[in-house]
Structure formats: C-alpha cells, structure tokens
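Numbering of the sequence shown is given in numbering that gives the first Met the number 0, commencing with residue 0 and proceeding in unit increments. Where a beta carbon is used, it is the ideal one built from N, C-alpha and C, also for glycine. A short write-up of the structure that comes next.
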Amino acid sequence: MARYSVFSLLGNALSGNRNWERVWRSPEPKPAYDVIIIGGGGHGLATAYYMARNHGITNVAVLEKGWLGGGNIGRNTTIVRSNYMLPGNAYFYEHSMKLWEGLSQDLNYNVMFSQRGVLNLAHTPSQMDAYARRGNAMRLHGIDAELLDRDQVAKYAPGIDMSAKTRFPVAGGLLQPRAGTARHDAVAWGFAYGADRQGVDLIENCEVTGFLRENGAITGVETSRGVIRAGKVGVAVAGNTSVVLQKAGLNNLPIESHVLQAFVSESLKPLIDGVVTYGAGHLYISQSDKGSLVFGGDIDGYNSYAQRGNLPIVKHVAAAAVTLFPNLARLRLLRSWGGIMDMSMDGSPIICKGPMPGLYINAGWCYGGFKATPASGWCFAHTIANDAPHEYNAAFTLERFAQGRVIDERGAGPRPELH
C-alpha cells in the first residue's frame, strides 16, 4: 500500500487521478485470528491500529455489520477537547489530545485536526467559580486552561449576544486553546488505512450473530459470513453494546442507549472561529471549513436504537443557538442526523476485561466518544494485548459501579440520561 505524499498527489494529478490505490483491502474472513474486534467505527479501528502498531499483533480482524465508519464516528459534531476535572477522566482525555496532535503524521492520513479552541460559557458568578475550580484542576493535571471575563469572551466570539437582557447573560467562560475539531469521516478512514497497512483484516457486511464458548471462555464469534475463531474478542460497538453483549449472556450492563442528534446549516461567511458551548441551554456550535454551522445539544429523552431523532430536540437546540447568536434566526437548516449513544450510569466510559475470559468491553461513552477515539483505541489495545489495563483506563472498570468508585464528572448521580 503506497504512502501518501506531495509526490503521490502530484503524480496522480498529472494522470487524471486514475491510478489511486484502494485505501484498504476487502478480504474474505479467515477461519481464525488472534484477536477479533467487533465494531468498525472509530474505536474499533483505532484499537486494531494500535494493536498492530504498539504490540505487534497483526493477525486481527475488525468485523463491521455495515460499512466502516457508518455509525457514531460519522454522526457527531467533531469536537475534540480534554477539559475534564476528575483525574480518572483528565489524564485519559489529555492523552487522547496529545495523540490527536500528531495523528495525521502518525497515520499518514490528514484527519483535519484544527486546534481552534473550545469555550465553555458561564452565566452566573457561581458558575464562574466552578469554572475557576475546573480550570485550576486542569492546569494541575498539565492541561491548558484560561478563565475569560466578559470582555475576553466578546473578543473571542463577537457574534454572541452579550447584553444583560438576553435569556442567559454571559458572565465569562473557560477556554481550552488546544481543543478544536477534526473531520469525523477522515478519522475513520485514516485509522482504517493505518490498520490495513499493518496487515489487519477489515471485514465489512459481517454481522455478529452469536459468541462461541468453551469451558466458560469466549473463543470466537458466529457471523453472517460464518464462524470465526479467536483467542480474544473485543466489543466496541457504541450504542449497540447491550444488543451485542446479550448474545454473550450479559443482560444487565450499567448503560442505556439514547439518540443524540446533530445539525448542519447552510454556509455563511466566517462567524465562529472556535467551538462555543454553554450548559444553561445545552448548545455546542462551531463552523466547518465549508462555512456551515455544526451544532447539537441534549440527547433525546427516551431509549432508542434509531439513528434519527425527534422534533422537540430540533426546536430546543435551534432555540438555544438563536438565544446565543441572534443573527442566526433566519439561517436555514440543511440536514440533521442521529447517533446511538451508550450512556453509562456515571457518565464515564468502560474499557476493561469482560466478566468471562476472552471477552473485552469498550462502551459507555456518553458525549465523549469522538474526542476519545485515539486514546480509547490505545488503551483498549493495551488491555487486550496484556490482559491488564493501561494506567489511563485503569479506573474505567465495570466493577466500579458495584463498588461505589464512580467517576461522575457532572455530579448528576446514577442517571444515564443526565450525563
């Protein structure tokens, strides 16, 4: 598989772009592998890539029931940040941020990572105090953070309604300058390209219909394309985790599946340089390279496996956007979509060995899945390869829910829909 470079770009341009090679192969599944990863989204592809790159395990298959990147990795608002306060999350997401910063070079594939900053708005003095605390905790963890006053917020995002009569008056905000956005599709394609170059088999249209067991251990899977055996099986299927793991006999996982919608507007001139978000109305909004505004808000308030949402959330998010940026009131919405979110009971992820030998679980990502993609793959690959967690995911166990060692960043309690 050829590497991308300025020379390959020029050569293919001169040949009318007729000689580009396929980005990854389409192999037939082998009877057995050392490791099977169920889920061909960002986390599954990243796991396979780091499995080969970091641990030299290349006899790996990624099984995807549809097409690679057809799930949540291509259905999000592309935000990348590490502005977490609790140590269990902060070190993990900052490791992910550092991987993002070199990801295009590492993969030899442009994931379009743009460090334009993420600003969280505060609306009351008490919220400013809370952001000061969060920012101080971030800096103690080695993460960049800047507390902005009203004038600095107005300078950073000139389109915001800074009047005292607006529904949510702005008191200031917390900025992470190194945060930003990446192109979601390119992330999936880049990890697929990187994994394929190292010999990983990426098998599309291959739905897992059951698990093989011998002496209480998982030894492979049954699929729509036949039985495939493996010494280790990792599950990274986002909102379908409960459905897939029920086939292995796990029926009481501490997660729920909800729909999270995202929206894209028509293109307009540059308005929002970074990412702006606020919790009072729950909106996160940025502007793409094409000029469209990309934004989202709350999950839909009911359990669902549908990749579409409902009208009340459309209305809620649009109202939040217009409240913050009144000049968007006449902007037309081009399209919307939904991703299936597996919301954990404490709002933090699960990356660990499963309750039976040979099974490994990557789940419970709530709103944090896209930004975590590199670190999730890194840590899940380490856990599978070594039968032990990496230091960055050591706290993300299933057992923490039974032992009361929850990682509740928001302080919302055991309510998945509130995280």
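Answer yes or no: the CB of residue i versus the heavy atoms of the ligand HEM, is any distance below 6 angstroms?
i      : result
Lys154 : By its list of ligands, the structure shown contains no ligand whatsoever, and the ligand HEM lies outside what it can speak to.
Which of helix, strand or coil does DSSP assign to residue i?
i      : result
Ala31  : strand
Arg21  : coil
Tyr277 : strand
Leu62  : strand
Ala216 : strand
Leu332 : strand
Arg138 : helix
Lys164 : coil
Asp143 : coil
Gly10  : helix
Leu327 : helix
Met127 : helix
Leu211 : strand
Asp272 : coil
Ser113 : strand
Gly337 : strand
Ile78  : strand
Gly179 : strand
Leu159 : Reading the sequence as shown, one finds Ile at residue 159 and not Leu. In this structure, Ile159 counts as coil in the three-state DSSP scheme.
In terms of residue numbering, what span does the alpha helix (DSSP H) encompassing residue i cover?
i      : result
Phe190 : His183 to Arg196
His94  : Pro86 to Glu100
Lys314 : Leu310 to Leu323
His42  : Gly41 to His54
Asp200 : Note, Asp200: premise wrong, no alpha helix (DSSP H); beta strand (DSSP E) at Asp200 to Ile202.
Gln245 : Thr240 to Gln245
Arg149 : Arg149 to Tyr155
List the whole-angstrom C-beta distance separating residue i from residue j, where the pair is believed to meet the contact cut-off of C-beta under 8 angstroms.
i      : j      : result
Ala420 : Leu173 : No answer is possible for residue 420: it lies beyond the span of the chain, which begins at 0 and ends at 418.
Leu252 : Ile298 : Between Ile298 and Leu252 the Cβ distance is about 18 angstroms, and since that is not below 8 angstroms, they are no contact.
Leu98  : Ala374 : 6 angstroms
Arg149 : Val169 : 6 angstroms
Thr372 : Gly41  : 4 angstroms
Asn247 : Trp336 : A small fix is needed here, since residue 247 is Ala in this sequence, not Asn. Actually they do not touch by this definition, with Cβ atoms about 30 angstroms apart.
Pro176 : His140 : That belief does not hold up - the Cβ atoms of Pro176 and His140 are roughly 16 angstroms apart, past 8 angstroms.
Met355 : Pro415 : Their Cβ separation, rounded to whole angstroms, is 24 angstroms, which puts Met355 and Pro415 out of contact at 8 angstroms.
Tyr391 : His94  : 5 angstroms
Glu221 : Gly209 : 4 angstroms
Where do the N-terminal and C-terminal ends of the beta strand (DSSP E) with residue i fall, by residue?
i      : result
Val293 : Ser291 to Asn302
Val117 : Val117 to Ala121
Leu282 : Leu282 to Gln286
Gly171 : Gly171 to Gln175
Leu259 : Ile254 to Ser266
Arg228 : Gly225 to Val234
Under 7 angstroms, Cβ to Cβ, is there at least one residue of chain D near residue i?
i      : result
Glu213 : Considering every chain present, this structure includes no chain D. It has just one protein chain.
task = Report the residue ranges of all beta strand (DSSP E) runs contained in full by the region 343-415; include only those spanning at least 3 residues, in chain order.
result = Runs of the beta strand (DSSP E) inside the region 343-415: 349-352 and 358-362.
request  = State whether the region 340-355 contacts the region 399-418, with contact taken as three or more CB pairs (one from each stretch) at a distance under 8 angstroms.
outcome  = For the pair of segments examined, the region 340-355 was found to touch the region 399-418: the number of CB pairs separated by less than 8 angstroms reaches three.
message = If contact is defined by three or more beta carbon pairs under 8 angstroms, each pair taking one atom from either stretch, is the region 383-390 in contact with the region 40-58?
response = At 8 angstroms Cβ cutoff, the stretches touch.
task = Please confirm if the region 95-109 is in contact with the region 180-195, defined as three or more CB-CB distances below 8 angstroms between the two stretches.
result = The answer is yes - the region 180-195 touches the region 95-109, with three or more Cβ pairs under 8 angstroms.
inquiry  = Three or more C-beta pairs under 8 angstroms: does that hold for the region 2-11 against the region 28-35?
reply    = With the cut-off at 8 angstroms, the region 2-11 and the region 28-35 do not touch.
task = May I ask you to verify whether the region 216-235 touches the region 122-140, counting CB pairs closer than 8 angstroms and requiring at least 3?
result = When Cβ pairs closer than 8 angstroms are counted between the two stretches, the region 216-235 is seen not to touch the region 122-140, the count staying below three.
task = Give a yes or no on contact between the region 197-215 and the region 301-314, applying the rule of three or more CB pairs nearer than 8 angstroms.
result = Too few Cβ pairs lie closer than 8 angstroms, so no.
query = Are the region 321-337 and the region 277-292 touching by the rule of at least three beta carbon pairs closer than 8 angstroms?
reply = Touching, yes, given that three or more Cβ pairs across the two stretches are closer than 8 angstroms.
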